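Trainee: Residue numbers (UniProt numbering): 1 to 215.
Glycine residues also receive a C-beta, built at the ideal position from the N, C-alpha and C atoms.
All of these numbers come straight from a predicted model, not from anything done at the bench.
(1) Please list the terminal residues of the continuous alpha helix (DSSP H) segment that includes residue 78.
(2) Extract the residue ranges of the beta strand (DSSP E) inside the region 158-196, only unbroken runs of 3 or more that lie entirely within it.
(3) Tell whether a beta-carbon distance below 8 Å holds between residue 69 and residue 47.
(4) Does the region 110-128 come close enough to the region 33-44 that 3 or more CB-CB pairs lie under 8 Å?
(5) Identify whether residue 18 lies in helix, strand or coil by the three-state DSSP scheme.
(6) Quick one: what does DSSP say residue 199 is sitting in, helix, strand or coil?
(7) Suppose the cutoff is 7 Å on Cβ atoms and the five residues either side in sequence are ignored; what does the same chain contact list for residue 110 look like?
(8) Classify residue 200: buried if its beta carbon has 16 or more other beta carbons within 10 angstroms, exposed otherwise.
(9) Check residue 145 in the structure and name its three-state DSSP category.
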């Protein structure tokens, strides 16, 4: 096993490092979750490259316990929406706490999930646990969470909009995506271009001074 050695010619100056970090942060500051998608197709190669970027995430013991199922088939997306809305209808009507409903009110979200059918691509991310064909993984949720973060960043860099959707419970996704029991649904991500009339809540992010602590 080799080690990566920095080439002296490729080392950035402090100014270049700050500039690169600032450029990336500024780009990501324009990202917003979208719930109103255009049905306009997206290049599949973009999705593949974004998943490739996600696959570079660190993981426990380098076991890479993730699976990215890219759904584009119209009938499969229709079934996904149908089952997700059934779970979400029950959740919003009976299981969601008043605090949760109050917290998400500014997003104007409810049990209706048309984006699961309208978006040209839906990426369903699964955690891969121990099974007949897979070894025991470590730090699964942490590893998959990091990979999803990279996926979101890569898709945004490529000019595509996303949403992280977690219907509860999610086991129906194994049936829709034809995945084995050792794979457990983690998140559903519609991907595409925003609809021309997409509504996005005007939310503010916490300032750096509130989230960064120096010691």
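Mentor: Concretely, from the data shown:
(1) Here the question's residue 78 lines up with position 78 in the chain shown. Here the alpha helix (DSSP H) through residue 78 covers 74-90.
(2) 183-192
(3) Mapped onto the chain shown, residue 69 falls at position 69. Mapped onto the chain shown, residue 47 falls at position 47. The answer is no: Cβ separation not under 8 Å.
(4) Contact holds: three or more Cβ-Cβ distances are below 8 Å.
(5) Reading the chain shown from its first residue, position 18 is the one you call residue 18. It is helical.
(6) Here residue 199 is taken as the residue at index 199 of the chain shown, counted from 1. Here residue 199 sits in coil by DSSP.
(7) The count along the chain shown starts at 1 and reaches residue 110 at position 110. Closer than 7 Å at Cβ, skipping near neighbours: 92.
(8) Residue mapping note: residue 200 aligns to position 200 of the chain shown, counting from 1. Burial call: exposed.
(9) On the chain shown, residue 145 is found 145 positions in, with the first residue counted as 1. It is helical.
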